[in-house]
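Residues in the sequence shown are numbered consecutively from 3, following this note's numbering.
Glycine residues also receive a C-beta, built at the ideal position from the N, C-alpha and C atoms.
Just so we're clear, the structure is a prediction, and the values are computed from it rather than from any experiment.
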Amino acid sequence: MTLTPMADSLAKVLDGRGAGPFLFVGSGFSRRYVGLESWAELLQRFCDGIRDFGYYSTKANGDLPRAASLMAQDFNELWWGDDRFAESREKHKDALRTESSALKLEIATYLTQIDLKQAGTEGLEAELAALKGLHVDGIITTNWDLLLEELFPDYRSFVGQEPLLFANPQSIAEIYKIHGCSSDPESLVLTEQDYSRFRERNPYLAAKLITIFVEHPHSFHRVLDNRPAHSGDYLRYFSVPGARTPGKTTGKPNLRHPSQRQR
């Protein structure tokens, strides 16, 4: 296999660093491998029983966090009165804290019910196999679903900003879910109010991320399916220990599994 010029450049960068790389993973990742909806499509899914999503989108002038805030108000009324949510109400009613809690709960429930075992069908099996073999120090993501946890079961997840800032992460074998996770519905950064709170702590989060930037090479993966012919090559490059250049074993420490590295 001949690596592309872009991958060759990546090899030179990584070979010069003692720490393993960090991946930044966005929504296109889950869209590619489990067929997850875009943010707008996900919101639209939960408009059954309230107004059309176009109403909320136009009222918010296309601002999705604002549209989600408007939706959450109407969805809260629906959730507390509609028989479709009777079982969910009985199970979760004491845990809901805000007007947006019902919408977050149902979004989280939907995401946790996705069959991740079926990920990578339709010709993507090889890419999924390469993904599972990635040798990276950590992953930073805005995604809410649990695909990364499925692919990297030995990695520890930090959900939201507070754990990342205050729980003393080690930057080895860790997943940072900075916009929350479906495993904790209240953690989802969804509405206008959520984003306002997120921005208030941006300086602290930025400082933490800068530290990661300085110590680790990093790669951004937002929409891998933009380059389907190359994405598998990049994944295999990270996943094969010692194989940064064809036929050459570098022995660099950042190619080992994070649990085997010395700090």
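Range of the contiguous beta strand (DSSP E) that encloses residue i
i, result
"S184", "Careful: S184 lies outside any beta strand (DSSP E) and carries neither H nor E."
"V36", "No beta strand (DSSP E) contains V36, which is instead part of the alpha helix (DSSP H) from 29-36."
"G140", "140-143"
Nearest-angstrom Cβ-Cβ length linking residue i and residue j, presumed shorter than 8 Å
i, j, result
"F160", "E176", "6 Å"
"A110", "L166", "At roughly 19 Å, the Cβ-Cβ gap does not stay under 8 Å, so A110 and L166 are not in contact."
"L107", "D147", "Contact flag wrong, Cβ pair sits at about 15 Å."
"D76", "R53", "6 Å"
"T193", "S102", "5 Å"
"S40", "S32", "With a Cβ gap of about 10 Å, S40 and S32 do not count as contacting."
"Q195", "I180", "Incorrect: roughly 17 Å between the Cβ atoms, too far for contact."
Buried/exposed call for residue i, threshold 16 Cβ in 10 Å
i, result
"W324", "Look at the range of the chain in this structure, 3 to 265, and you will see that residue 324 is not part of it."
"N204", "exposed"
"G83", "exposed"
"P7", "exposed"
"A128", "exposed"
"A208", "exposed"
"A88", "exposed"
"F168", "exposed"
Euclidean distance between Cα positions of residue i and residue j
i, j, result
"G64", "L45", "13 Å"
"M73", "E188", "16 Å"
"R68", "S184", "20 Å"
"L149", "I141", "12 Å"
"K134", "E43", "28 Å"
"K210", "H137", "22 Å"
"S198", "L126", "38 Å"
"H94", "A104", "9 Å"
"Y58", "S71", "9 Å"
"F26", "T143", "6 Å"
"T100", "L130", "38 Å"
"D186", "A97", "11 Å"
"A174", "D139", "Before going on, a small fix: residue 174 reads as Ile here, not Ala. If I take the Cα positions, the gap works out to 5 Å."
"E79", "G56", "19 Å"
"D156", "G51", "40 Å"
"D91", "P23", "Note that residue 91 is Arg in the sequence shown here, rather than Asp. For R91 and P23, the distance between alpha carbons rounds to 43 Å."
"R158", "E202", "26 Å"
"L153", "Y178", "14 Å"
"E151", "A62", "33 Å"
Start-to-end residues for the alpha helix (DSSP H) that takes in residue i
i, result
"S90", "88-94"
"L198", "The sequence given here places Ser at residue 198; Leu does not occur at that position. Taken as a continuous stretch (DSSP letters only), the alpha helix (DSSP H) holding S198 covers 194-202."
"F77", "66-83"
"R47", "41-47"
"F168", "163-168"
"I109", "103-114"
"L150", "149-153"
"A175", "Neither: A175 is in no alpha helix (DSSP H) and is coded neither H nor E."
"T60", "55-61"
"K119", "Taken as a continuous stretch (DSSP letters only), K119 belongs to no alpha helix (DSSP H), as it is neither H nor E."
"E127", "127-134"
Residue i: CB within 8 Å of a non-hydrogen atom of the ligand SAM
i, result
"D186", "You won't find the ligand SAM in this model; it holds no ligand whatsoever."
Report task. Kindly confirm or deny that the region 31-41 and the region 108-121 touch, where touching means at least three C-beta pairs closer than 8 Å. Result -> Contact between the region 31-41 and the region 108-121 is present, because at least three Cβ pairs lie under 8 Å.
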